[in-house]
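With the first letter of the sequence shown counted as 1, position 553 gets the number 571 in our numbering; the numbers rise by one all the way through.
The C-beta atom is built at its ideal place from N, Cα and C for all residues, glycine as well.
See structure below.
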Amino acid sequence: KLLEAVKQGEVSEDTIDTSVRRLLQLLVKVGLFEHPQSEAEQDIDLPEHRALIREAGAEGSVLLKNEQQILPLQREQLSSIAMIGPDVQVAQIMGGGSAQVNAHYAVTPFQGIVAKVGDHVRVGYEQGCTNYKWLPLLDSDLLLAGTEGSEHGLAVEYFTNLDLAGPPIWQETQPKSELSWFGEMPAGVNPQQFSVRATGRLTPRETGSYTFGLISIGRSRLSIDGQQVIENWTEQTRGGDFLGMGGREIRTTVTLEAGRTYLLTLEFTKSEAVPLGALHLGCLPPVSTDTIERAVHLAAASDVAIVCVGFGGDWQSEGFDRPDMALPGKQDELVEQVAAANPRTIVLLNSGSPITMPWLDKVAAVVQAWYPGQECGNGIADVLFGDTNPSGKLPQTFPVRLEDNPAYLNFPGENGKVYYGEGLFVGYRYYDKKKIAPQFPFGFGLSYTTFDYSSLSLSSRQLSPDDTLQVSIDITNTGQRAGKEIVQVYVRDQQAHLQRPEKELKAFAKVQLEPGERKTVTLSIARDALAYFDDLAGLWVAEAGEFELLVGASAQDIRATATFTLTATTRWPS
């Protein structure tokens, strides 16, 4: 199609050259011309990497609420901690989709807190509820590959046909019960015509009802000890997983005995209608019916309750959208009941986007931990106990409810099309324009200390198009702890001929201060920061006139303002 477009004059050779030049520049930067032979993939796990991951995860956490300075926790004042929630014993280190990678290890919040307090504080745990979208993968500690041997995971056999016939052409062991075929295939395997048999021995820890769930792109089925228990072979219903190409999860419940070994056989054949292939076998162990009650009892008997809730990568990924902003499952109910039992309740959120918080007024503290990487639990413990002062700021607005979102009236659109009707007014620009109060504004984030802004000054009140404006402001740590503040500079165009937002972020800087210390922070504003795109003219325009500078700690916490004038209008092509 591209070659034909060039022949027809629809795409110029200059456009092709520009695109190719960018690709070549990347190859030069990464040294592929000097070293065309790529090295084998390496497993690099260095102490300095671990320390950096831990620091980044902790400092990136955003303290959203800290009533009566319950945080940081003081070890010497605690005898018991209740850790409650579906993410206590799970390290939610990243979202899902193609950005997902295999970590060297993952520290759970429970492990991080226990390591932090040692033997001096009793740490109790209750799950309370679940938050999975698809059933969680099989516990690899309980799964041995194949019919014999000691390697954990599944023994996978590949066949060069669609009916598992003949001897396998390739055999391997996979550590997880999720398999995908999106790229390079094993030697001799046709990516568009193959079938797979995966086997493993499962030895449960407890007797009870186990729920198995199977999702696939392609046909699949599961047998236990030779008895088929899930049939997803004759007909599949589109379900939304695996970039929207996976079928609906098929579930069944089977009673298993503790200590007995069961042979699982998973069979799959590639769909000729879809270019990709994938399998997800999940298993939910027996679940008690009084999980929230037990969590409430633990919270009431503890000095402080830490509730770990949020989303896993099955909820936050490419290829699909969440149906709403609520925490899935019974997580909101869990937080409400724990907070009612213990007013010293701290909510720890693992999510990559805003959620509704109907319990916000009832909890003592909220920490937005995002997906902090493999040092997850250690970084969280550093924040909760004050070894790291959280300095993260929200990179997005957290609305009170779904209906307050800028795209609410436009999404999901009609007939497969979504019109970006919000135009310029995305994010905080929309909330400014509509005068809608958010749950937490863009750029918001508390600290274990306080900061004062003073003495705003500009290098000039007149800015020519060729000059750069220097904006300086004094920041003083007025609290008792060392901390870092992120100074944010917004600009309001007061005389533009086209519609403009109320203000836009144009510069920011992070400053570290000891208690009582003051530093001058200087940021630069150039002509390009004042420009808008005129789509009718096809040009960028920096329009002469008066601008207001707003310096603050968030989009709604403005501490100082000043005005300056751009002396001449300039235009330039995109």
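Option in the options with minimal Cα separation from residue i
{"i": "D105", "options": "S572, Y466, Q145, I233", "result": "Q145"}
{"i": "T270", "options": "G264, A455, P304", "result": "P304"}
{"i": "K524", "options": "R536, G534, I543, A514", "result": "I543"}
{"i": "I491", "options": "S482, K502, S475", "result": "S475"}
{"i": "S642", "options": "K453, A562, D450", "result": "The question about residue 642 has no answer, for the chain in this structure spans 19 to 592."}
{"i": "T496", "options": "G115, E532, F462, T126", "result": "E532"}
{"i": "I593", "options": "T307, Y508, D339, E196", "result": "Since the first residue shown for the chain is 19 and the last is 592, residue 593 is missing from the structure and cannot be characterised."}
{"i": "L274", "options": "F230, A313, L284", "result": "F230"}
{"i": "T191", "options": "K451, Q110, A425, R215", "result": "R215"}
{"i": "H298", "options": "V314, I233, I248", "result": "I233"}
{"i": "L294", "options": "G264, P376, T148, D321", "result": "G264"}
{"i": "S572", "options": "D450, K25, R68", "result": "D450"}
{"i": "P417", "options": "G395, T406, P390, I454", "result": "I454"}
{"i": "S213", "options": "T579, L197, E73", "result": "L197"}
{"i": "A317", "options": "N360, K348, D332, C301", "result": "N360"}
{"i": "T178", "options": "M203, T148, V559, L172", "result": "M203"}
{"i": "K194", "options": "V401, P154, D243", "result": "P154"}
{"i": "S369", "options": "P519, D511, G113", "result": "G113"}
{"i": "L180", "options": "K288, V272, T217", "result": "K288"}
{"i": "P519", "options": "R312, R447, T588", "result": "R447"}
Residue environment, residue i, which counts as buried when at least 16 other CB atoms sit within 10 Å
{"i": "L567", "result": "buried"}
{"i": "Q488", "result": "exposed"}
{"i": "Y471", "result": "buried"}
{"i": "W590", "result": "exposed"}
{"i": "V108", "result": "buried"}
{"i": "D35", "result": "exposed"}
{"i": "K452", "result": "exposed"}
{"i": "S238", "result": "buried"}
{"i": "S320", "result": "buried"}
{"i": "W346", "result": "Position check: residue 346 holds Pro in this sequence, whereas Trp was assumed. Its Cβ being crowded by 16 or more others within 10 Å, P346 is buried."}
{"i": "R40", "result": "exposed"}
{"i": "L240", "result": "buried"}
Pairwise C-alpha distance: residue j and residue i
{"i": "Q530", "j": "L464", "result": "15 Å"}
{"i": "F403", "j": "L96", "result": "11 Å"}
{"i": "L584", "j": "T467", "result": "37 Å"}
{"i": "F469", "j": "F200", "result": "50 Å"}
{"i": "T581", "j": "L548", "result": "13 Å"}
{"i": "E267", "j": "L161", "result": "21 Å"}
{"i": "G461", "j": "S409", "result": "11 Å"}
{"i": "V365", "j": "R140", "result": "19 Å"}
{"i": "Q392", "j": "E166", "result": "32 Å"}
{"i": "G277", "j": "P222", "result": "6 Å"}
{"i": "E564", "j": "R479", "result": "10 Å"}
{"i": "C394", "j": "P186", "result": "40 Å"}
{"i": "L516", "j": "G439", "result": "17 Å"}
{"i": "A76", "j": "A69", "result": "11 Å"}
{"i": "Q189", "j": "D137", "result": "46 Å"}
Residue i - DSSP class collapsed to helix/strand/coil
{"i": "I680", "result": "With the chain running from 19 to 592 in the structure shown, residue 680 is simply not present."}
{"i": "P591", "result": "strand"}
{"i": "E190", "result": "strand"}
{"i": "E336", "result": "coil"}
{"i": "A75", "result": "Looking at the sequence itself, residue 75 is Gly, so the reference to Ala does not match. Looking at G75 - three-state DSSP - the assignment turns out to be helix."}
{"i": "S478", "result": "coil"}
{"i": "A183", "result": "coil"}
{"i": "H315", "result": "helix"}
{"i": "L515", "result": "According to the sequence shown, residue 515 is His rather than Leu. Note: H515 maps to coil in three-state DSSP."}
{"i": "E196", "result": "strand"}
{"i": "V381", "result": "coil"}
{"i": "L427", "result": "coil"}
{"i": "T309", "result": "helix"}
{"i": "Y448", "result": "helix"}
{"i": "K537", "result": "strand"}
{"i": "Q386", "result": "strand"}
{"i": "H122", "result": "coil"}
{"i": "K19", "result": "coil"}
{"i": "Q414", "result": "coil"}
Start-to-end residues for the alpha helix (DSSP H) that takes in residue i
{"i": "G130", "result": "127-135"}
{"i": "C396", "result": "What sits at residue 396 in the sequence shown is Asn, not Cys. It spans 394-402 - the alpha helix (DSSP H) in which N396 sits, taken as one unbroken run."}
{"i": "D35", "result": "31-47"}
{"i": "K528", "result": "That residue, K528, is in no alpha helix (DSSP H); its beta strand (DSSP E) goes 522-531."}
{"i": "Y176", "result": "That residue, Y176, is in no alpha helix (DSSP H); its beta strand (DSSP E) goes 172-177."}
{"i": "A358", "result": "349-359"}
{"i": "L294", "result": "Taken as a continuous stretch (DSSP letters only), L294 belongs to no alpha helix (DSSP H), as it is neither H nor E."}
Where the beta strand (DSSP E) through residue i begins and ends
{"i": "Q488", "result": "486-495"}
{"i": "Y550", "result": "550-552"}
{"i": "Q506", "result": "501-511"}
{"i": "K83", "result": "80-84"}
{"i": "A228", "result": "The residue you asked about is not Ala; residue 228 is Tyr in the sequence shown. 226-235 is the span of the beta strand (DSSP E), which, as asked, contains Y228."}
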